[in-house]
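Enquirer: To start, I am sharing the structure in question, which I have written as structure tokens.
Chains as they are written, first to last, in the numbering used here: chain A, 1072 to 1186; chain B, 5 to 115.
Written as structure tokens, this is what we have:
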């Protein structure tokens, strides 16, 4: 299947700092990328949909000023958690939609720990 | 919007037995139904998917069935092996839209 990379795989930061997570589709063009958050033993919760060249669409309850999303190219989307707090600690997973195959592939995830 | 229900939430089987996971969806416009397997701390991996123009799809020990009238779809795993132990998520979507996931089912295959 198609490959989606995510960087970093884990990060530990102090409260109040910002963290940027990158999501890349390595062998296909992804006009749409999705950002999910997953708490332990729970399902994936969609945070936002990122379309190349346009503003992201955020799900209800997700603060767009806190979770900044940029989808600058057909292979890269970034999620920046601004002024992170301990409650933002979670597993963040991106997925990219292969436009031709109309299938979503997930990145390996980023485990964020805010101290 | 779409709502996906998945059950059971946990299932334990003996190696070699079959396992069935059932999901229901609410939006009749949904036409794409993938299944993902997620091992602890890893990414969800697409294992099989089905589109609304077919009723059944099989890939070796895995099969998925879709009943559009009843709005439910199921994953069947035959001859289970310990490495099948994981959390399985069903999902539904309309073309080009976001996936809506079920809550997941933890499958344990006992040797």
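Ideal Cβ placement from N, Cα and C applies to all residues, glycine included.
1. In chain order, what are the residue ranges of uninterrupted beta strand (DSSP E) at least 3 long that sit wholly in the region 8-33 of chain B?
2. How should residue 1074 of chain A be labelled, buried or exposed, when 16 other C-beta atoms within 10 angstroms of its C-beta is the threshold for buried?
3. I'd like to know whether the C-beta of residue 1177 of chain A is nearer than 8 Å to at least one C-beta of chain B.
4. For chain A, find out if any of its Cβ atoms is closer than 8 Å to the Cβ of residue 103 of chain B; answer yes or no.
5. List the residues of chain B that residue 1114 of chain A touches, going by C-beta distances under 8 Å, in chain order.
6. So within the region 43-91 of chain B, which uninterrupted beta strand (DSSP E) runs reach at least 3 residues, ignoring any that extend past its ends?
7. Would the region 1128-1139 of chain A and the region 6-13 of chain B be scored as touching if the rule is three or more Cβ pairs under 8 Å?
8. Could you check whether the Cβ of residue 21 of chain B sits closer than 8 Å to any Cβ belonging to chain A?
9. Would you mind working out which of B/115, B/111, B/104, B/109 sits nearest residue 5 of chain B, comparing C-alpha positions?
10. Please name the residue in B/112, B/94, B/66, B/76 whose C-alpha comes closest to that of residue 106 of chain B.
11. Can you tell me which of the three DSSP states residue 1079 of chain A falls into?
12. Consult DSSP for residue 1158 of chain A and reduce its assignment to one of helix, strand or coil.
13. Residues in its own chain within less than 6 Å of residue 80 of chain B by CB, not counting five upstream and five downstream?
Expert: Taking the coordinates as given:
1. Segments of the beta strand (DSSP E) lying fully in the region 8-33 of chain B: 8-11, 14-18, 23-29.
2. Classification of residue 1074 of chain A: exposed, given that the 10 Å Cβ count is below 16.
3. At least one C-beta of chain B is nearer than 8 Å to the C-beta of residue 1177 of chain A.
4. Chain A, which has a Cβ nearer than 8 Å to the Cβ of residue 103 of chain B, makes this yes.
5. The contacting residues are 93, 105, 106, 107, 108.
6. Correct list: 49-55, 60-63, 66-71, 76-81.
7. With a cut-off of 8 Å, the region 6-13 of chain B and the region 1128-1139 of chain A do not count as touching, because too few Cβ pairs lie within range.
8. Residue 21 of chain B does not count as touching chain A.
9. Residue 5 of chain B has its Cα closest to that of B/104, out of B/115, B/111, B/104, B/109.
10. Checked all of B/112, B/94, B/66, B/76; the closest Cα to residue 106 of chain B is B/94.
11. Note: residue 1079 of chain A maps to coil in three-state DSSP.
12. Helix.
13. Closer than 6 Å at the Cβ level, and outside the excluded window around residue 80 of chain B, lie 24, 67.
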